[in-house]
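Novice: Mind looking over this structure? Questions follow.
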Amino acid sequence: MSTDTPGIDPLLALRAPQDPACDVFLTGTVFLDIIFTGLDSAPVRGTESWARGMGSSPGGVANMATALARLGLHTSLAAAFGDDHYGEYCWDALEQGEGIDLSMSRTVPGWHSPVTVSMAYEGERTMVSHGHEAPAPSAVPGQAGAGPTETAPTTAPDPAFPQCPPRARAAIASLVPGRSEPWVATAARHGALIFADVGWDETGRWDLDALPDLAHCEAFLPNAAEAMRYTRTDCPRAAAHALAERVPLAVVTLGAEGAYAVDGRTGAAAQVPAIEVEALDPTGAGDVFVAGFVTGTLADWPLADRLAFAGLTAALSVQEFGGSLSAPGWAEIAAWWQRIRTLDDQDPTALERYAFLEELLPTTARPWPLRRAVPTIGFRQ
79 MSTDTPGIDP
89 LLALRAPQDP
99 ACDVFLTGTV
109 FLDIIFTGLD
119 SAPVRGTESW
129 ARGMGSSPGG
139 VANMATALAR
149 LGLHTSLAAA
159 FGDDHYGEYC
169 WDALEQGEGI
179 DLSMSRTVPG
189 WHSPVTVSMA
199 YEGERTMVSH
209 GHEAPAPSAV
219 PGQAGAGPTE
229 TAPTTAPDPA
239 FPQCPPRARA
249 AIASLVPGRS
259 EPWVATAARH
269 GALIFADVGW
279 DETGRWDLDA
289 LPDLAHCEAF
299 LPNAAEAMRY
309 TRTDCPRAAA
319 HALAERVPLA
329 VVTLGAEGAY
339 AVDGRTGAAA
349 QVPAIEVEAL
359 DPTGAGDVFV
369 AGFVTGTLAD
379 WPLADRLAFA
389 GLTAALSVQE
399 FGGSLSAPGW
409 AEIAAWWQRI
419 RTLDDQDPTA
429 LERYAFLEEL
439 LPTTARPWPL
449 RRAVPTIGFR
459 Q
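Residue numbers (the numbering used here): 79 to 459.
Okay, here's the thing in structure tokens:
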């Protein structure tokens with residue numbers, strides 16, 4: 079956890095007494111992530127592999143919630159937590175360690191936490207997960223209480239429990255073909271800007287009309303492969319322009335080439351190249367990118383600055399292992415900015431791209447690299 083992060087509030091100049099207490103609301107499944115790094119290759123059948131590094135942390139939707147909180151946004155998460163030690167650890171790590179509001183979350187008696195084991199090697203990752211869908215709650219979220227005293231859940235199969243999300247500046251959704259989440263429309267109706275990503279369409283139809291909640295979105299952030307399939311184009315930039323006819327902001331991530339965005343309201347487009355880094359573990363990098371873009375949007379930065387900031391935070395995250403473990407805070411960003419300007423081989427034009435950070439970052443920063451918290455479930459005191 080980034081306990082050394084300076085208390086920077088990127089929205090400080092924009093806050094007013096009538097604003098919602100919550101900056102960003104999100105919901106989803108929290109996993110316990112166990113990450114192995116330093117593997118020379120993929121595990122070989124019938125052998126035992128030893129990893130040079132390991133970390134444990136809350137994962138799944140917790141990756142994005144942590145990234146948002148570390149960037150200074152007041153973050154509210156609605157999720158189910160198991161009443162096992164894993165669930166207790168994840169709850170404490172998010173609530174106490176990261177300051178995330180879990181008042182919309184619940185602990186489910188008798189339900190064990192989902193677990194993902196991630197193995198990082200050669201710049202890629204392989205994951206194995208196990209878990210069961212959380213049973214639906216027996217009451218409206220926030221009324222039955224959170225933590226171990228939660229009333230026994232029903233056995234209904236649908237755990238989509240934030241029907242009444244808190245009033246927020248923004249909400250983040252993950253769109254699924256053929257499925258609508260009622261809370262998304264409710265949040266949009268109450269003034270939240272909806273940011274959405276999407277997963278691989280297992281149906282193979284790639285039909286934008288099958289994403290009903292897209293109509294409520296302020297921004298849609300697919301990767302290049304997803305964007306081209308949904309728009310029937312052969313160029314990610316053309317795909318972004320096509321998507322901008324459906325949503326106010328279309329952002330297409332281009333991997334090593336950075337990201338490209340189109341403002342559907344004005345027609346303005348921006349592209350920012352990726353920062354070249356030695357990637358240790360890409361787990362959670364997409365979540366961190368979204369968190370950075372949401373931060374820049376709520377702070378009302380120019381489109382190119384939002385893309386640059388999102389790309390920077392994602393680049394910093396892949397240099398550490400783990401999803402939520404690797405999400406950078408302002409201490410990491412400040413240390414990077416201080417260090418990068420001292421290197422002789424830096425292009426002044428490229429550095430100018432990040433000059434907007436000067437007004438946000440502290441005048442002094444701890445030296446790079448920063449020491450991270452111990453990535454384990456915890457030692458006895």
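We put the CB at the ideal spot given by N, CA and C, even for glycine.
Short check: CB of residue 392 to CB of residue 372, under 8 angstroms?
Specialist: In this structure, residue 372 does not lie closer than 8 angstroms to residue 392 by Cβ.
Novice: Can you tell me where the alpha helix (DSSP H) with residue 381 in it begins and where it stops?
Specialist: Looking at the DSSP string, the run of the alpha helix (DSSP H) that includes residue 381 is 381-395.
Novice: With three or more beta-carbon pairs closer than 8 angstroms as the criterion, would you say the region 243-251 touches the region 260-267?
Specialist: Judged by Cβ distances under 8 angstroms, the region 243-251 makes contact with the region 260-267, as three or more pairs qualify.
Novice: Buried or exposed: which applies to residue 169, given that a residue is buried once 16 or more other Cβ atoms fall within 10 Å of its Cβ?
Specialist: The residue is buried, with at least 16 neighbouring Cβ atoms inside 10 Å.
Novice: Who does residue 342 pair with in a DSSP beta bridge?
Specialist: Per DSSP, none; premise fails for residue 342.
Novice: Since residue 364 contacts residue 387 with CB under 8 angstroms, what's their CB separation in whole angstroms?
Specialist: With a Cβ gap of about 15 angstroms, residue 364 and residue 387 do not count as contacting.
Novice: Whole angstroms is fine: what's the gap from residue 96's alpha carbon to residue 179's?
Specialist: Approximately 19 angstroms, taken between the alpha carbons.
Novice: For residue 174, which option in 160, 186, 147, 296 has the closest C-alpha, if you only look at C-alpha atoms?
Specialist: Of the candidates 160, 186, 147, 296, the one whose C-alpha sits nearest the C-alpha of residue 174 is 147.
Novice: With DSSP collapsed to three states, give me the class of residue 349.
Specialist: Strand, per DSSP.
Novice: Comparing alpha-carbon positions, which option in 278, 212, 203, 394 lies nearest residue 192?
Specialist: Residue 192 has its Cα closest to that of 212, out of 278, 212, 203, 394.
Novice: Short of 6 angstroms in beta carbon distance, which residues of its chain neighbour residue 82, apart from the five on each side in sequence? Order them along the chain.
Specialist: Unreliable placement is indicated for residue 82, whose pLDDT of 45 sits below 50; the coordinate value is still reported in the next sentence. Cβ neighbours of residue 82 beyond the five flanking positions: 409.
Novice: May I ask you to report which of helix, strand or coil DSSP gives residue 253?
Specialist: Of the three classes helix, strand and coil, the one that applies to residue 253 here is strand, per DSSP.
Novice: Taking all protein chains shown into account, do 16 or more other C-beta atoms lie within 10 angstroms of the C-beta of residue 127, making it buried, or fewer, making it exposed?
Specialist: By the neighbour-count rule (16 or more Cβ atoms within 10 Å), residue 127 is not buried but exposed.
Novice: Kindly list the residues whose CB is nearer than 7 angstroms to the CB of residue 311, restricted to its own chain and excluding five residues on each side of it in sequence; keep chain order.
Specialist: Excluding sequence neighbours, residue 311 sits near 317, 320.
Novice: Drop a sphere of 10 angstroms on the beta-carbon of residue 380, count the other beta-carbons inside from all chains shown, and report buried for 16 or more, exposed for fewer.
Specialist: With fewer than 16 other Cβ atoms within 10 Å, it is exposed.
Novice: Measuring CB to CB, does residue 333 end up less than 8 angstroms from residue 288?
Specialist: Going by C-beta atoms, residue 333 is not nearer than 8 angstroms to residue 288.
Novice: Quick one: what's got a C-beta closer than 8 angstroms to residue 150's C-beta in the same chain, skipping five residues either side?
Specialist: Taken in chain order, the residues that qualify are 85, 86, 87, 88, 89, 373, 408.
Novice: Grab me the residues of residue 384's own chain with a C-beta within less than 7 angstroms of its C-beta, minus the 5 sequence neighbours each way, in chain order.
Specialist: Here the set comprises 371, 374, 375.
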